[in-house]
Amino acid sequence: MEPTLGLHCKPRSLARIGLCLAGILFLSLGPARGAEPSRVGVSRPNILFCVADDASYPLMGAYGCDWIKTPAFDRVAANGILFTRAYTPNAKCSPSRACILTGRNSWQLEAAANHVPHFPRKFKTYPEALSEQGYHVGFTGKGWAPGEPGVDAQGRPRNLCGPAYQRVKTKPPTSEINACDYAANFEAFLAANSEGKPFCFWYGGHEPHRGYAFQSGIRQGGKRLSDVDRVFGSWPDHEIVRTDLLDYALELEYFDLHLGRMLDLLAQKQLLHNTVVVVTADNGMPFPRVKGQAYEHSNHMPMAVLWPAGLGAPGRRFDGLVSFVDLAPTFLE
1 MEPTLGLHCK PRSLARIGLC LAGILFLSLG PARGAEPSRV GVSRPNILFC
51 VADDASYPLM GAYGCDWIKT PAFDRVAANG ILFTRAYTPN AKCSPSRACI
101 LTGRNSWQLE AAANHVPHFP RKFKTYPEAL SEQGYHVGFT GKGWAPGEPG
151 VDAQGRPRNL CGPAYQRVKT KPPTSEINAC DYAANFEAFL AANSEGKPFC
201 FWYGGHEPHR GYAFQSGIRQ GGKRLSDVDR VFGSWPDHEI VRTDLLDYAL
251 ELEYFDLHLG RMLDLLAQKQ LLHNTVVVVT ADNGMPFPRV KGQAYEHSNH
301 MPMAVLWPAG LGAPGRRFDG LVSFVDLAPT FLE
């Protein structure tokens, strides 16, 4: 059976209330009211999808969080659009990423709605579809995981996010941060595109997933317990909790560091102008009553989108509802 994308999900998801992500990005972001959208005449865009592993809204600088420094995310928001109500349908790694990759809700994903599942062959991912349409595709870090992606119709292992670029390693600031040099692997991916095809790349940071090096936020990050301006009400406001939050912050900042290097690389190669950059996380932070739960901070995700060639009036803030199931249809449009 040939795999299929869940494109039929799009009109049934957010379009009913007029807040479809595709419409937001491709129809309503012209330079001024009544003007033609600025993407007219733009060639097929590149796509850089950046997903942190376990990060919650609103703990990013662009949302007013001062004790976590995310200049690259803030740069995307300042020059693009910042979303304040982006949600994943399923607050665990594998199922959330399956929703992103297929454009399907969890109730449509069969086994892929579970954690550590076997990914059904019949569901095609957007990188697979774009590869068939001539895109140069690949990923670094964490793609769709954890689970078994299975094989394609020819019995070959499936690359749900495209071929892996993992060879370049670096010395991370702590023993708990992954040694994958995400930005250098992205550079290797770009270098492999000798034909100059439009590209689709998945940057899946392993951070800020646990574990954390104890007190790394203080020792390596130079942070103080008093920097944390608010502890969520479901947790005790205690030194142990604040220390843990600062360790989380250090790892999220590391994810952002590599995002910034990727943006700089695209700018140096004059590729940033026509690249859609989406920055988000798969599910909420790995703390009690967040990741894997059904609370607000479990499913409420940070999201910012940059596309200089296609988004008019940068620096916008969108307070409408968007869902991860709209990402794949948006990319394919």
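Numbered per the working numbering, the sequence shown spans residues 1 to 333. Ideal Cβ placement from N, Cα and C applies to all residues, glycine included.
Three-way DSSP call (helix, strand, coil) for residue 266 in this model: helix
Coil, strand or helix - residue 320 by DSSP: coil
The stretch 228–242 in contact with the stretch 267–279 per 3-pair CB rule at 8 angstroms: no
Residue 109 Cβ short of 7 angstroms to the ligand GTP heavy atom set: Within the structure as shown, the ligand GTP is missing, as the structure has no ligands at all.
Close Cβ partners of residue 43 (< 7 angstroms) along its chain, the five nearest in sequence each way excluded: 274
Any 3 or more C-beta pairs closer than 8 angstroms across the stretch 184–201 and the stretch 149–160: no
Residue 86 in three-state terms, based on DSSP: strand
Cβ pair residue 127, residue 94 closer than 8 angstroms: no
CB of residue 179 within 8 angstroms of CB of residue 172, strictly: yes
Beta bridge counterpart(s) of residue 46 as assigned by DSSP: 275
For residue 331, the nearest candidate out of 121, 73, 116, 131 (CA to CA): 131
Anticipated Cβ contact below 8 angstroms, residue 243 with residue 220, distance rounded: Actually they do not touch by this definition, with Cβ atoms about 13 angstroms apart.
Check whether residue 92 and residue 283 have beta carbons under 8 angstroms apart: yes
Beta-carbon spacing of residue 53, residue 207 below 8 angstroms: yes
Distance between residue 150 and residue 158 (C-alpha atoms, nearest Å): 6 angstroms
Assumed close pair residue 76, residue 306 - CB separation to whole angstroms, cut-off 8 angstroms: 4 angstroms
Own chain, CB closer than 7 angstroms to residue 110, minus 5 neighbours either side, in chain order: 120
Beta strand (DSSP E) runs wholly inside the stretch 50–105, at least 3 long, in chain order: 81–87
C-beta atoms of residue 211 and residue 176 nearer than 8 angstroms: yes
Uninterrupted beta strand (DSSP E) stretches inside the stretch 147–233 (no shorter than 3 residues): 199–204
Chain-order list of residues whose beta-carbon lies under 7 angstroms from that of residue 1 (same chain, five-residue window excluded): For residue 1, the pLDDT reaches just 47, beneath the cut-off of 50, and the residue's location in the model is therefore unreliable, leaving the point undetermined.
Which of helix, strand or coil DSSP assigns to residue 141: strand
Cβ neighbours of residue 165 in the same chain (closer than 6 angstroms, five flanking residues each side left out): 138, 140, 185, 188, 189
Where the beta strand (DSSP E) containing residue 403 begins and where it ends: The structure shown does not extend to residue 403, since the chain spans only 1 to 333, so no value can be given for it.
Enclosing alpha helix (DSSP H) for residue 128 [first to last residue]: 126–132
Rounded distance between the beta-carbons of residue 72 and residue 260, thought under 8 angstroms: 3 angstroms
Cut-off 7 angstroms between Cβ atoms - residues of its own chain near residue 168, not counting five sequence neighbours on either side: 181, 184, 185, 188
Three-state secondary structure assigned by DSSP to residue 297: helix
Close beta carbons around residue 319, own chain, < 7 angstroms, minus the five adjacent residues each side: 84, 85
Check whether residue 134 and residue 197 have beta carbons under 8 angstroms apart: yes
Same chain, Cβ closer than 6 angstroms to residue 315, neighbours up to 5 away in sequence not counted: 78
Residue 291 in three-state terms, based on DSSP: coil
Assigned secondary structure, residue 327 (DSSP; H/G/I helix, E/B strand, else coil): helix
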